[in-house]
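Counting in the working numbering, the sequence shown tops out at residue 1072, every number present.
In what follows, a single structure is set out as structure tokens and then discussed.
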Amino acid sequence: MATVTIPPTEEARNVFRGLGYAIEERGSEFVAERKWRRVQVTPLCADDAKEPGEMIEYGEGGGPRLRCFVTWMDCTDALKSYLQSAKPPYDWAIIGIEGEDDFEVVHPEPSVAPV
């Protein structure tokens, strides 16, 4: 595995290409598109995954309503907790990268309505 001080940018592109998405480059971030689905993909290093701050903000001009954050597997729990607390105004998921072709998708916990 690559060092966790750099974001898994190339790994993120490989995952989405492998899932049949077309990639629209936007610097370190990119938009992945397949059928009706447009996903803004943001690779995060370990430090950014623990304290993403502005990186989770919704960009100007709307953009895709779906976001996917890609980080190293051992950082997914901290990022998931942060996102659930922040309650961003878009649907999100996290992809945790373990090895070259090994990844896991992490979704938010479903909201529980008060009884």
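Every residue, glycine too, gets a C-beta built ideally from N, C-alpha and C.
Contact belief for residue i with residue j at Cβ below 8 Å, rounded distance in angstroms
| i | j | result |
| --- | --- | --- |
| Thr-898 | Pro-1000 | Here the chain has residues from 958 to 1072 only, and residue 898 is not among them. |
| Ala-989 | Val-996 | 5 Å |
| Ile-1054 | Phe-1060 | 5 Å |
Cβ neighbour criterion (16 or more within 10 Å) applied to residue i
| i | result |
| --- | --- |
| Gln-1041 | exposed |
| Tyr-978 | buried |
| Ser-1024 | Before going on, a small fix: residue 1024 reads as Arg here, not Ser. Burial call: buried. |
| Ile-963 | exposed |
| Glu-968 | buried |
| Pro-1009 | buried |
| Leu-976 | exposed |
| Pro-1046 | exposed |
| Trp-1029 | buried |
| Glu-986 | buried |
| Val-1062 | exposed |
Residue i beta carbon near the ligand GDP (any heavy atom closer than 8 Å)
| i | result |
| --- | --- |
| Ile-963 | Judged by which ligands are present, the structure shown has none, so any question about the ligand GDP falls away. |
Cβ neighbours of residue i in the same chain (closer than 7 Å, five flanking residues each side left out)
| i | result |
| --- | --- |
| Ala-1043 | Ile-1013 |
| Arg-974 | Ile-980 |
Minimum C-alpha distance to residue i - residue among the options
| i | options | result |
| --- | --- | --- |
| Asp-1048 | Ile-1054, Asp-1058, Lys-1037 | Lys-1037 |
| Asp-1004 | Gly-984, Val-1027, Asp-1058 | Val-1027 |
| Glu-982 | Val-998, Ala-1035, Arg-994 | Val-998 |
Neighbourhood of residue i by C-beta, 8 Å cutoff - its chain only, sequence neighbours within 5 removed
| i | result |
| --- | --- |
| Pro-1065 | Lys-1037, Leu-1040, Gln-1041, Trp-1049, Ala-1050 |
| Ala-1035 | Ala-1006, Lys-1007 |
| Arg-991 | Leu-976, Gly-977, Tyr-978, Ala-979 |
Quiz item: Which whole runs of the beta strand (DSSP E) in the stretch 993-1031 are 3 residues long or more, in chain order?
Solution: Within the stretch 993-1031, the complete beta strand (DSSP E) runs of at least 3 residues are 994-1000, 1023-1029.
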